[in-house]
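Read through the structure below, which is laid out as structure tokens, and then see the notes.
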Amino acid sequence: MGLFSWLFSTKKTTETVVIEPIEYNGYLIYPDPQKEGGQFRIAGRICKKIDDTTQTHHFIRSDLLPSKSDAEAFMIKKAQMFIDQTGERMFK
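Each residue of the sequence shown is one higher than the one before, counting from 0 in numbering that gives the first Met the number 0.
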């Protein structure tokens, strides 16, 4: 069995991607577009340290864009607008 296990293995290798955050008004924005049908869905997370605890808000939009860089740029703009409008209430 061990001889042929490598041949029939379904184990997939995963690649770890490091996302560099963008700092905005004390918040960290992590753009992380999701590939979907040849396009990229705008997604990511917004984090802020409050009372020695890092709070995270996951951010996913219905918008699809043709390139990953466009989706990252649009996510940053939308996240900044969301931070301005909502502030720390997003974590409640």
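Cβ coordinates follow ideal geometry from the N, Cα and C atoms, glycine included. Small disclaimer: the values here were computed from a predicted structure and weren't measured.
Taking DSSP as the reference, what is the three-state secondary structure of residue i?
i, result
"residue 43", "strand"
"residue 75", "helix"
"residue 35", "strand"
"residue 61", "strand"
"residue 67", "helix"
"residue 28", "strand"
Restricting to Cα atoms, I'd like to know which of the options is closest to residue i.
i, options, result
"residue 27", "39, 49 and 67", "49"
"residue 35", "45, 73 and 67", "67"
"residue 20", "45, 38 and 83", "45"
"residue 41", "52, 78 and 22", "78"
Could you tell me the alpha carbon to alpha carbon distance between residue i and residue j, rounded to whole angstroms?
i, j, result
"residue 91", "residue 76", "22 Å"
"residue 71", "residue 58", "12 Å"
"residue 64", "residue 31", "13 Å"
"residue 136", "residue 47", "The first residue shown for the chain is 0 and the last is 91, placing residue 136 beyond what the model contains."
"residue 43", "residue 74", "7 Å"
"residue 60", "residue 87", "20 Å"
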